Amino acid sequence: MTWLKPVDVGRDAQSAYGEFLRDLEARLSDAGTDRFVLAREVLSEAMYGRPYEALLADAPLAALNLDARNVTFEAEYYMATDAELFGQVKPLLWLWKNLDLTPVGQNPVLGIPVRRVLAERIFRRVGRDFKCWQNVEFSVGYNMEVGDDVVVHRHVLLDDIGGIELHDGASISDYVNVYSHTHSVLDGPDVTLRRTVIGRGARITYHSTVLAGSVVSDDAMLATHALLRSDIPPHGIAMGVPARTTRFKLREPQSVLVDSRSLVRVPDRKANPEFPEATPNQTRVASEDDLAGRALVTGER
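For the sequence shown, the positions run 108 to 408 when the numbering used here is used.
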């Protein structure tokens, strides 16, 4: 059941959109297609209304930046990024990111189907009826696992370098950040990759943050502006900074697939070979003397 209603556009527009989608999907399905060339051609038409070669002749700076071979992503500087896998998805991520800045991307009736077509070629797995709104960012894209009927709203960051799972019916609200890597507090280059899991029907609500390795169980909810650094059990509602589970939904008994209390975790991975070992505890609880500025206390407490 949904609270949304269908909205139609003009027949001529819908026909043109359908033709564009069919052509895009056919070209992406062709093993002989150069994805870099495809992306720059689509962007040139969508952003400047002319073929890429014509744009290159008249405005080379604009044209060259449409070709993903001439740009870099932050993920390309990460040691943990698989260069071969990222090379395959890079032009599609560049196409996705830049189409979102055009009327094509801002128009849900066209933008959402386009993203669905791209997600099928970028993500490790994507289920049916994936709905992604505009201006969503991924770290690498190829470590995303998405189930059926998942919705991701506007201006979301999905840092999937360590792996993110969004199970069936999960909803990610506007301005949410979901992370799958964490830095040592003493040595920034000491990075640990931790898979983050969002269960079936779970809701991550507005402006909240999910830190790496957290598990949000089936039917659980993270409240607005909350910061999750651990887990939420099934049907739980976590609130605050840091978030704690303080309420439970009133539900009839139902089967649970993702349960943070029993889930077998994917082992953590280290992202920098200079720091191959697990990061030890590197903080202690602040004392009254620390907070008052009366003493500098060292060591564990």
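Using N, Cα and C, we set each Cβ at its ideal position, and we do this for glycine too.
These numbers come from a predicted model, not from an experiment.
- Rounded to the nearest whole angstrom, the C-alpha separation of ASP174 and VAL247 is 18 Å.
- Look at the beta carbons and you see the stretch 361 to 368 touching the stretch 318 to 327: at least three pairs across the two are nearer than 8 Å.
- Residue burial annotation: GLY295 is exposed, with fewer than 16 other C-beta atoms found within 10 angstroms of its C-beta.
- Counting only residues of its own chain and dropping the five nearest sequence neighbours on each side, LYS356 has a CB closer than 6 Å to the CB of HIS342.
- For the pair GLU191 and ALA146, the Cα-to-Cα distance works out to about 18 Å.
- Taking C-alpha positions only, THR289 is separated from LEU200 by approximately 23 Å.
- Taking every protein chain shown into account, the CB of MET251 has 16 or more other CB atoms within 10 angstroms, so this residue is buried.
- Of the residues VAL221, THR316, ASP236, GLU126, the one whose Cα lies closest to the Cα of LEU265 is THR316.
- As computed with DSSP, ALA345 is found in a beta bridge with LEU329, THR352.
- ASN242 and TYR282 have their alpha carbons spaced roughly 10 Å apart.
- Taking a C-beta distance under 7 Å as the contact criterion, ARG222 and CYS239 qualify as a contact pair.
- Under a 10 Å Cβ-count criterion, SER394 is classified as exposed, with fewer than 16 other Cβ atoms of the shown protein chains found around its own Cβ.
- Spatial neighbours of GLY254 in its own chain (CB-CB distance under 6 Å, excluding positions within 5 residues in sequence) are listed in chain order as GLY234, HIS274, ASP275.
- Non-local beta-carbon contacts of LEU300 in its own chain, meaning distances under 8 Å to residues more than five positions away in sequence, involve ALA187, ILE268, GLY269, GLY270, SER287, HIS288, ALA319, ASP375, ARG376, LYS377, ALA378 in chain order.
- By the Cβ-count criterion, ASP338 is buried, with 16 or more other Cβ atoms from all chains shown falling within 10 Å of its own Cβ.
- Per DSSP, reduced to three states, the secondary structure at ARG134 is helical.
- Comparing C-alpha distances from THR303 to each of GLY117, GLU272, PHE230, ARG336 shows the shortest one belongs to GLU272.
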